[in-house]
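K.L.:
There's a structure below that I have some questions on.
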Amino acid sequence: MALIRIYHEEDNTIYTVTVDIYNSVLDDGDGEMDYYLKITTSIKKTDGTSFPEFRVKTLSDLPPGYGGTADSFTALIDDYVAYFMEDAGLGQSSSSSSSSSSSSSEQYSESSSSSSSEQYSESSSSSSSSA
Amino acid sequence: MAVNISIYSNTSPSTKSIALSFEGEILAGSNTSVLTTDIDYFFKITTGARDTDNVQLPVKLMLSLDSLALNDNKQSATNTANTYVDIKSMVVDYVYDYINGHTADQYGSGVKLQLPMQF
Chain A
0 MALIRIYHEE DNTIYTVTVD IYNSVLDDGD GEMDYYLKIT TSIKKTDGTS
50 FPEFRVKTLS DLPPGYGGTA DSFTALIDDY VAYFMEDAGL GQSSSSSSSS
100 SSSSSEQYSE SSSSSSSEQY SESSSSSSSS A
Chain B
0 MAVNISIYSN TSPSTKSIAL SFEGEILAGS NTSVLTTDID YFFKITTGAR
50 DTDNVQLPVK LMLSLDSLAL NDNKQSATNT ANTYVDIKSM VVDYVYDYIN
100 GHTADQYGSG VKLQLPMQF
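Set out below in structure tokens:
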């Protein structure tokens, strides 16, 4: 399994993109056992909703808005990570992206006890960006 | 998590296993023509099985659908240099290669001899 960790400075949060191999019969009409990648992320869209799971069978199974064919699995994963970050506005440096505090359970805060293990928990004292 | 593929023999009661995983690591070796610190994402096949000379079968890495089983030059099951059409066909061909092995320079691929899997 490949785990990509993305630290978002404004939210002081580490988001993850997870890529793993699965094999099962997919509802793609042929009834055959398939091998495919499942790509998931803890990043939320700007409206607070989750991204869907993406199932990748070929190097042409690129994220929405990306055309063509990736020339490697590295290029494919890079495209998905870029898509998640761009669609969630993580690359925007304005305060707009960091204001969506109600949307995600992944954010770092002292009270978010229900959130996942991916929080940037030990860093509150070292976060120089808030100075 | 990895996908484990069990291989049963028609002639032997033993069962072999191949593990297929997807990894993100910095590669240093023959798969990287230029040594970089960039992370690569790739499929990795490992097995504890041995060949008929009792030699450990090698780890295989697939960085793309054009990472063909025979030295990146040819598919193992057929004499073709076509890129795999999907992940499934890539996995099937690599498993075929583990089980059946290949001759030296099979299909003119320049590959070294690999003996069949020992059961």
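Listed in order, the protein sequences are those of chains A and B.
If you're matching positions, the first sequence starts at 0 in numbering that gives the first Met the number 0 and goes up one per residue.
If you're matching positions, the second sequence starts at 0 in numbering that gives the first Met the number 0 and goes up one per residue.
Note that beta-carbon positions come from the ideal geometry of N, C-alpha and C, so glycine has one too.
In chain order, what are the residue ranges of uninterrupted beta strand (DSSP E) at least 3 long that sit wholly in the region 16 to 62 of chain B?
P.N.:
38 to 46, 59 to 61
K.L.:
Any beta carbon from chain B within less than 9 Å of residue 72 of chain A's own beta carbon?
P.N.:
yes
K.L.:
What does the Cβ neighbour count give for residue 38 of chain A, buried or exposed, with the cut at 16 atoms within 10 Å?
P.N.:
buried
K.L.:
Please check if any C-beta of chain B sits within less than 9 Å of the C-beta of residue 31 of chain A.
P.N.:
yes
K.L.:
Excluding the 5 residues flanking residue 19 of chain A on each side, which residues of the same chain have their C-beta closer than 8 Å to its C-beta?
P.N.:
0, 1, 36, 37
K.L.:
Where does residue 113 of chain B fall in DSSP's three states?
P.N.:
strand
K.L.:
Verify the CB distance criterion: does residue 7 of chain A have a CB-CB separation below 9 Å to chain B?
P.N.:
no
K.L.:
Quick one: does residue 121 of chain B have its CB under 9 Å from some CB of chain A?
P.N.:
There is simply no residue 121 of chain B to check, as chain B begins at 0 and stops at 118 in what is shown.
K.L.:
Nearest chain B C-beta to residue 18 of chain A closer than 9 Å, yes or no?
P.N.:
yes
K.L.:
Could you check what DSSP says for residue 95 of chain B in three-state terms: helix, strand or coil?
P.N.:
helix
K.L.:
Determine contact between the region 41 to 51 of chain B and the region 87 to 101 of chain B, defined as no fewer than three beta-carbon pairs at a distance below 8 Å.
P.N.:
In this structure the region 41 to 51 of chain B touches the region 87 to 101 of chain B; the number of beta carbon pairs closer than 8 Å is three or more.
K.L.:
At what residues does the alpha helix (DSSP H) containing residue 83 of chain A begin and finish?
P.N.:
If you look at residue 83 of chain A, you'll find it in the alpha helix (DSSP H) that goes 72 to 86.
K.L.:
So which residues of chain A does residue 1 of chain B contact, with C-beta pairs closer than 9 Å?
P.N.:
0, 19, 20
K.L.:
By alpha-carbon positions, which one of B:98, B:61, B:108 ends up nearest to residue 79 of chain B?
P.N.:
B:108
K.L.:
Between the C-alpha atoms of residue 71 of chain A and residue 49 of chain A, what's the straight-line distance to the nearest angstrom?
P.N.:
27 Å
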